[in-house]
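Colleague: Numbered by the numbering used here, the letters in the sequence shown go through residues 5 to 234 in order. Idealized CB from N, CA, C, for every residue including glycine. It should be emphasised that the depicted structure is a prediction, and the values quoted were computed from it without experimental measurement. Have a look at this one before I ask anything.
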Amino acid sequence: MSVFDNITLPKVIYTTESKYSGIIEVWQSGNTLKLVADGTVQSVSWDSPNARKMFFGQMVEVLKEHEPEMTSLLVLGLGGGTMQHLVSKDFPAAHIVSVEIDQVMVDTAWKYFGIESIPNHRVIVEDACRVIVEPEEYDLQPHSFDALAVDIYLGDKYPDLGNSGNFFAALKRMLVPEGLVIFNRIYLEHHQDEVNLFMDSVDEFFSDVDSVTVAGKTNSDNIIIFARSK
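In structure tokens:
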């Protein structure tokens, strides 16, 4: 008997394709599932030992430190819902609205990552920019969210609209005064110049801008940028 007999190698248990996210795969390693879109890790099982160390877990840590009384959260981007699961554990009274453009991603999250079990959670399948520009069309009210998390990657691509002044202004409009906004950005070397310019833009529209760099073994380096609405 070999010492390797009881080792389970990661395997792909589901593959599909989306016009937005490219090739979507669900990997299984032991009891942990990982959602990968075009080669970029989007989510892991919320109860995975690594979940809180990765970028979605670190976004929740920022919320806990800087918005500990949060009761309402708008999340642009769903993935497999890891962040939403973790928020529901740490903020059991919070109401969460997630906006995801990709129905295929939503279906995958529903089938493999249990997003239907997240309490007080609503998913809107729509372009995030449209939702924050016309929130009333989706029964959302401006200036009604304590915090807003932005994680709108399509694979490893960050939409151009996510860098625009109109986008930042619309984000501010969704937050209560002094509300907290959090951005996840991939921070590999070839992304860094773009992200540094992005931080300069954040500073023009928000106050108290700060960041935390996340270097993980199972995902690319990320930077979590957070700020307050002025």
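1. Flag Tyr116 as yes when its Cβ comes closer than 7 Å to any non-hydrogen atom of the ligand NAD, and as no otherwise.
2. Are at least three pairs of beta-carbons, each pair with one atom in the stretch 70-77 and one in the stretch 47-56, less than 8 Å apart?
3. How many angstroms separate the CA atom of Ile136 from the CA atom of Ser92?
4. In the DSSP assignment, find the unbroken alpha helix (DSSP H) run with Phe187 in it and report its ends.
5. Taking one C-beta from the stretch 169-180 and one from the stretch 135-152 each time, how about it: are there three or more such pairs within less than 8 Å?
6. When the distance is taken between beta carbons, is Phe187 closer than 8 Å to Ile128?
7. Whether or not the stretch 110-119 and the stretch 138-147 are in contact is what I'm after, with contact meaning three or more pairs of Cβ atoms, one per stretch, closer than 8 Å; do they touch?
8. Count the other CB atoms, across all protein chains shown, that sit within 10 Å of the CB of Val7; report buried if there are 16 or more and exposed otherwise.
9. Using only alpha-carbon positions, find the residue among Gln107, Ile28, Met58 that is nearest to Val16.
10. From what residue to what residue does the alpha helix (DSSP H) around Ser205 run?
11. Smallest Cα separation from Leu80: which of Val101, Ala231, Arg232, Met203?
12. How is His70 classed by DSSP in three states: helix, strand or coil?
13. If you run the structure through DSSP and keep just helix, strand and coil, what is Asp143?
14. Does DSSP put Ala113 in a helix, in a strand, or in coil?
15. Quick one: what does DSSP say Asn226 is sitting in, helix, strand or coil?
16. From which residue to which residue does the alpha helix (DSSP H) around Ile136 run?
17. Expressed to the nearest angstrom, what Euclidean distance is found between the alpha-carbon atoms of Thr86 and Ile105?
18. Closest by CA to Ser233, which one among His147, His99, Val218?
Modeller: Well, looking at it:
1. This structure lacks the ligand NAD, and indeed carries no ligand of any kind.
2. Contact fails between the stretch 70-77 and the stretch 47-56, because fewer than three Cβ pairs, one in each stretch, are under 8 Å apart.
3. Distance between the alpha carbons of Ile136 and Ser92 is about 23 Å.
4. It is not in any alpha helix (DSSP H) - Phe187 instead sits in the beta strand (DSSP E) that spans 179-190.
5. Segments in contact, yes.
6. For Ile128 and Phe187, no; Cβs fall outside 8 Å.
7. Short answer: they don't touch.
8. Any reading at Val7 needs caution, since the residue's pLDDT is 49, under 50, leaving its predicted position unreliable; the model's value is listed next. The residue in question, Val7, is exposed, as its Cβ has fewer than 16 Cβ neighbours within 10 Å.
9. Comparing alpha carbon positions, the residue from Gln107, Ile28, Met58 closest to Val16 is Ile28.
10. Here the alpha helix (DSSP H) through Ser205 covers 196-209.
11. If you compare the alpha carbons of Val101, Ala231, Arg232, Met203 with that of Leu80, the shortest gap goes to Val101.
12. Of the three classes helix, strand and coil, the one that applies to His70 here is helix, per DSSP.
13. Assignment of Asp143 by DSSP, reduced to helix, strand and coil, places it in the coil class.
14. Three-state DSSP puts Ala113 in a helix.
15. Reduced to three states, the DSSP call for Asn226 is strand.
16. Element bounds for Ile136: 132-137.
17. Cα atoms of Thr86 and Ile105: separation of roughly 17 Å, rounded to the nearest angstrom.
18. Of His147, His99, Val218, the residue nearest in Cα terms is His147.
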